[in-house]
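Residue 572 is where the first sequence ends in this note's numbering, and the numbering goes up by one at each step.
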Amino acid sequence: MIRAELTRKLESAVGALIESGVLPPAIYPIEITEPRNAQHGDFATNFALTASKSANLPPPKIAEQLSELLKSDTCFDEVTIAGPGFINLKLTEAYLAEKCNEIVDKGESFALTDSDHGLKINIEFVSVNPNGSIHVGHGRGAAYGDTLARVLEAAGNRVSREFYVNDGVNSEQMRLFALSVQAKYLELIGKPYVFPESGYRGEDVDIVAQKLRDIHGDSKAGAGIDFFQPASQDLMIESQKSDLARFGVVFDTWFSEQSLHDAGKVEDALKILEDKGVADREPYCDEIQLDPNTKERKVVRVPTEPGALWLRSTRFGDDKDRVIIRQDGRPTYIASDIAYHKDKFERGFDHLIDVWGADHHGYIGRTAAAIEAMGFDRSRFEALIIQIVRFLKGGEVQRMQKRTGESIPLRDLMDDVGVDVARWFYLMRSHETHMDFDLDLAKEHSEQNPVFYVQYAHARICSLLAKAKEQGFEPERLSETKFEQPERELIKTICDLRFEIHRAAESRQVHRLTTYAVELARQYHDFYEKCRVISPEEPIRTRARLTICEATRTALRATFSLLGVSAPERM
RNA sequence: GCCCCCGUAGCUCAGCGGAUAGAGCAACUGCCUUCUAAGCAGUGGGCCACAGGUUCGAGUCCUGUCGGGGGCGCCA
């Protein structure tokens, strides 16, 4: 909120300089930065340096003119020129006090932006096949997608969270899973069974089979795949839903892949592609190859077996053409994906975000190509890749293989370290970097997790405000106050939340908010040590500092709710 | 071979093209008769992988090299 106001003030000052002929008319980028050294002031701008070239004036000259204008603004205590042409800005106490009051008045919503002008965004994430539990490898995408959705909402967009269920009846994986469940079920009721070759091992199959027996007794002894496939799928989806809900992730839509086939939407989409001439059954595949000598990219035509329907995605920037319908007539996953994205656009979303695991990065090109081939603007589609998390147990990398049952369920992690620690851990690092998660260390040191550091600041404030109330002190509006440095820094950081949310939303880097939260907590702890809050002999100061505490608590709560972690009042 | 990600303190990692590169953990030294010590203050620890380039200015952008991780099916 402060930064936005400062930007406006600078813009109008620059406008005035252009008006008076000091600066030639041009588009000048305005940037507000924070000096590393607090002695330089509260904020700074490098405007004189960046504008120097296009204005054809030396930076100090511009800085001088601009600072003269800014000095007339009552919100600045000091405007100084430093170094090669930075303008350092120091805010008045009254201005900071007013900002702090605003936050206490508005409550947690102070950081939110109205959604009137935002986009309607669909964000699809997790989308784990219904043949196993959500495991710790999926946790990152779940935490990331959910928090990104919250952050985008806070930044003023309308966001719909979607889980795409790969429930196609032709899915080989689902068929094998169902056969495994069937075998396990027959074993449980003491009937002869054959466990499918390379079938699914692991507790998911056991649990599902057990549940089916609990529900149906042995009445399904003679049932076939037609029963076991949908039945085990439904149970698995319910289990995924409840694990995710416990993790704080609730979807608006669970979208069934099969529903696209049933409604004929896959056929429709393919017909459109054929009509547009971007899909055909000619027996060739175009590929882009790199000439080893000239380093030039060229299209190479490779003959193929006839019969398949090809998407000519190479024309839209993909590496090679892709099969949509196999020789045997069965559609590939690309077919339903095309229909699915078309359906999302037709549901009225301005922007589509797909959150995918790193193993899917190769699909960005073909999906974007397919979307463009369908006639949609590819810039409205965005695939975000979450890098791999490696889990270490006893110093060894844990494999996450559903079929062998080697994976660690997310619910086990929640049992071991709790939802707050788990979510925080996933969210504290950029989604595009690799992470190693040592499970032994996480259990041992879970009380040293940064999330506790931040939550502790919140609990401290709650306790302090309660104690003050007992003694008859409540926060009230700040008026003329002399701030000490820790108070100043704290208020500025609180006011930064709105800005941080927008930056996180625009860059999709939601981990910035965990960094922000740690910084806010650090400053509160610093303030707590240096500025005694409750002192009965100084009632005015006591109330003022309580107001700062209240504003801090507000900012912490707002941040916690974006990250999906709890705000404990006691620790 | 091609594609994606990473390389910053002993470890795990933050770091918006700006001023003296940070945090947590680990190590060491202090601080509870006053608001929660899950805290605070301090010490040690860095050729920001390397080499070029762009820029008034590069840990940050571009190119290349080296090293690490992952991915490249008419599987989903």
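A virtual CB, placed ideally from N, CA and C, is assigned to each residue, including glycine.
* Asked: Closest by CA to Phe248, which one among Ile33, Ile462, Tyr427 and Ala545?
  -> Within the first sequence, residue 248 is the residue found at index 247, counting from 1. Closest by alpha carbon: Tyr427.
* Asked: By Cβ distance below 8 angstroms, which residues in the same chain neighbour Ile1 in space, the five residues on each side in sequence not counted?
  -> This structure does not reach residue 1, given that the chain is present from 2 up to 572, and the question cannot be answered.
* **Short Cβ contact (8 angstroms threshold) for Ala270 with Lys192** => Locating residue 270 in the first sequence gives position 269, counting from the first residue. Locating residue 192 in the first sequence gives position 191, counting from the first residue. Contact: no.
* Compare the C-alpha of Glu383 against each of Arg509, Asn450, His262 and Thr482 and name the closest. => Numbered from its first residue, the first sequence carries residue 383 at position 382. The option with the nearest alpha carbon to Glu383 is Arg509.
* What three-state label does DSSP hand Ala224 in the structure shown? -> For the purposes of this step, residue 224 is taken as the residue at position 223 of the first sequence. Residue state, collapsed to three classes: coil.
* **Start-to-end residues for the beta strand (DSSP E) that takes in Ser257** => On the first sequence, residue 257 is found 256 positions in, with the first residue counted as 1. Note, Ser257: beta strand (DSSP E), Thr254 to Ser257.
* How about the region 282-292 and the region 384-391: do they share at least three Cβ pairs that are nearer than 8 angstroms? -> no
* Should Gly358 be listed as close to the ligand FAD, given that the test is whether its C-beta is under 7 angstroms from any heavy atom? -> The ligand FAD is absent from the structure shown, which contains no ligands of any kind.
* To do: Please state if the CB of Thr560 and the CB of Leu491 are separated by a distance shorter than 8 angstroms.
  => Locating residue 491 in the first sequence gives position 490, where the first residue counts as 1. Locating residue 560 in the first sequence gives position 559, where the first residue counts as 1. Cβ distance not < 8 angstroms, so Leu491 and Thr560 don't count as in contact.
* On the premise that Ala359 lies in contact with Gly140, defined as a C-beta separation below 8 angstroms, what is that separation, rounded to the nearest angstrom? -> Stepping through the first sequence from its first residue, residue 140 is reached at position 139. Stepping through the first sequence from its first residue, residue 359 is reached at position 358. Contact doesn't hold; Cβ gap of about 14 angstroms is too wide.
* Measure the CB-CB distance between Tyr529 and Arg571 and report whether it falls below 8 angstroms. => As a first step, residue 529 is located in the first sequence; it is residue number 528 there, counting from the start. As a first step, residue 571 is located in the first sequence; it is residue number 570 there, counting from the start. Result no, Cβ atoms of Tyr529 and Arg571 do not sit closer than 8 angstroms.
* **Sub-8 angstroms separation of Pro258 and Ser134 beta-carbons** => As a working mapping, residue 258 is identified with position 257 in the first sequence. As a working mapping, residue 134 is identified with position 133 in the first sequence. It should be noted that the sequence gives Glu, not Pro, for residue 258. Cβ distance not < 8 angstroms, so Glu258 and Ser134 don't count as in contact.
* Asked: If you draw a straight line from the alpha carbon of Met401 to that of Pro410, how long is it in whole angstroms?
  -> Working through the first sequence from its first residue, we reach residue 401 at position 400. Working through the first sequence from its first residue, we reach residue 410 at position 409. Spanning the two alpha carbons is a distance of roughly 10 angstroms.
* Output the residue ranges of the beta strand (DSSP E) runs that lie fully inside the region 187-275 and measure 3 residues or longer, sorted by chain position. => 254-257
* **Meets three-Cβ-pair contact criterion under 8 angstroms: the region 68-87 and the region 464-480** => no
* **Closest by C-alpha distance to Asn171, when choosing among Pro332, Val398 and Leu414** => By 1-based counting over the first sequence, the position of residue 171 is 170. Ranking Pro332, Val398 and Leu414 by Cα distance to Asn171 puts Pro332 first.
* **Distance, Pro26 Cα to Ser55 Cα** => Here residue 55 is taken as the residue at index 54 of the first sequence, counted from 1. Here residue 26 is taken as the residue at index 25 of the first sequence, counted from 1. The alpha-carbon atoms of Ser55 and Pro26 are separated by roughly 9 angstroms.
* **Beta-bridge pairing of Val398 - partner residues as DSSP gives them** => Indexing the first sequence from 1 puts residue 398 at position 397. Bridge partners of Val398: Leu393.
* Where the alpha helix (DSSP H) containing Gly358 begins and where it ends -> The count along the first sequence starts at 1 and reaches residue 358 at position 357. Careful: Gly358 lies outside any alpha helix (DSSP H), inside the beta strand (DSSP E) at His352 to Gly358.
* To do: Alpha carbon to alpha carbon, how far is His361 from Val398? Give it in angstroms, no decimals.
  => Translated into positions along the first sequence, residue 398 becomes position 397. Translated into positions along the first sequence, residue 361 becomes position 360. Their backbone Cα atoms lie some 21 angstroms apart in a straight line.
* Asked: Taking buried to mean at least 16 other C-beta atoms within 10 Å of its own C-beta, is Ala264 buried or exposed?
  -> Against the first sequence, residue 264 aligns to sequence position 263. Classification of Ala264: exposed, given that the 10 Å Cβ count is below 16.
* **Exposed unless 16 or more other CB atoms sit within 10 angstroms - verdict on Ser199** => Position 198 of the first sequence, counted from the first residue, corresponds to residue 199. So Ser199 counts as exposed.
* Taking the Cβ atom as the reference point for each residue, do Leu310 and Ala280 lie within a distance shorter than 8 angstroms? -> Numbered from its first residue, the first sequence carries residue 310 at position 309. Numbered from its first residue, the first sequence carries residue 280 at position 279. Yes, Cβ-Cβ distance for Leu310 and Ala280 is below 8 angstroms.
* To do: Jot down the residue ranges of each uninterrupted alpha helix (DSSP H) in the region 20-85, minimum 4 residues, whole runs only, in chain order.
  => 48-56 and 60-72
* Asked: Taking the DSSP output, what are the residues bridged to Phe382?
  -> Translated into positions along the first sequence, residue 382 becomes position 381. According to DSSP, which records beta bridges pairwise, Phe382 is partnered with Leu353.
* Who are the Cβ neighbours of Phe350 in its own chain at under 6 angstroms, not counting the five residues just before and after it? -> Locating residue 350 in the first sequence gives position 349, where the first residue counts as 1. Cβ neighbours of Phe350 beyond the five flanking positions: Lys121 and Asn123.
* To do: Would you tell me roughly how many angstroms separate the C-alpha atoms of Arg298 and Asp319, rounded to the nearest one?
  => Within the first sequence, the letter at position 297 stands for residue 298. Within the first sequence, the letter at position 318 stands for residue 319. So the alpha carbons of these two residues sit roughly 12 angstroms apart.
* **First through last residue of the beta strand (DSSP E) which encompasses Glu163** => Counting from 1 along the first sequence, the entry for residue 163 is found at position 162. Per DSSP, Glu163 belongs to the beta strand (DSSP E) from Arg159 to Val166.
* CB-CB under 7 angstroms to Tyr457, same chain, minus the five flanking residues each way: which ones, in chain order? -> Residue mapping note: residue 457 aligns to position 456 of the first sequence, counting from 1. For Tyr457, where only same-chain residues beyond five positions count, the Cβ hits under 7 angstroms are Met572.
* Thr51 versus Ile495: straight-line alpha-carbon distance, rounded -> Stepping through the first sequence from its first residue, residue 51 is reached at position 50. Stepping through the first sequence from its first residue, residue 495 is reached at position 494. The alpha-carbon atoms of Thr51 and Ile495 are separated by roughly 28 angstroms.
* One or two residues paired with Gln290 in a DSSP bridge -> Within the first sequence, residue 290 is the residue found at index 289, counting from 1. DSSP, once it has assigned bridges, lists Lys299 as partnering Gln290.
* **Segment limits, alpha helix (DSSP H) that includes Lys493** => Against the first sequence, residue 493 aligns to sequence position 492. Lys493 -> alpha helix (DSSP H) spans Gln486 to Cys496.
* Indicate whether the contact test is met: 3 or more Cβ pairs, each with one atom in the region 143-154 and one in the region 123-132, closer than 8 angstroms. => yes
* Does the beta-carbon of Ala39 have 16 or more other beta-carbons within 10 angstroms, so that it is buried, or is it exposed? -> Here residue 39 is taken as the residue at index 38 of the first sequence, counted from 1. Exposed, since its Cβ has fewer than 16 Cβ neighbours within 10 Å.
* Asked: Between the beta-carbon of Asp215 and the beta-carbon of Ile190, is there less than 8 angstroms?
  -> Reading the first sequence from its first residue, position 214 is the one you call residue 215. Reading the first sequence from its first residue, position 189 is the one you call residue 190. Cβ distance not < 8 angstroms, so Asp215 and Ile190 don't count as in contact.
* Using DSSP with H/G/I as helix, E/B as strand and the rest coil, what is Met436? -> Along the first sequence, one-based indexing puts residue 436 at 435. If DSSP states are grouped into helix, strand and coil, Met436 belongs with the strands.
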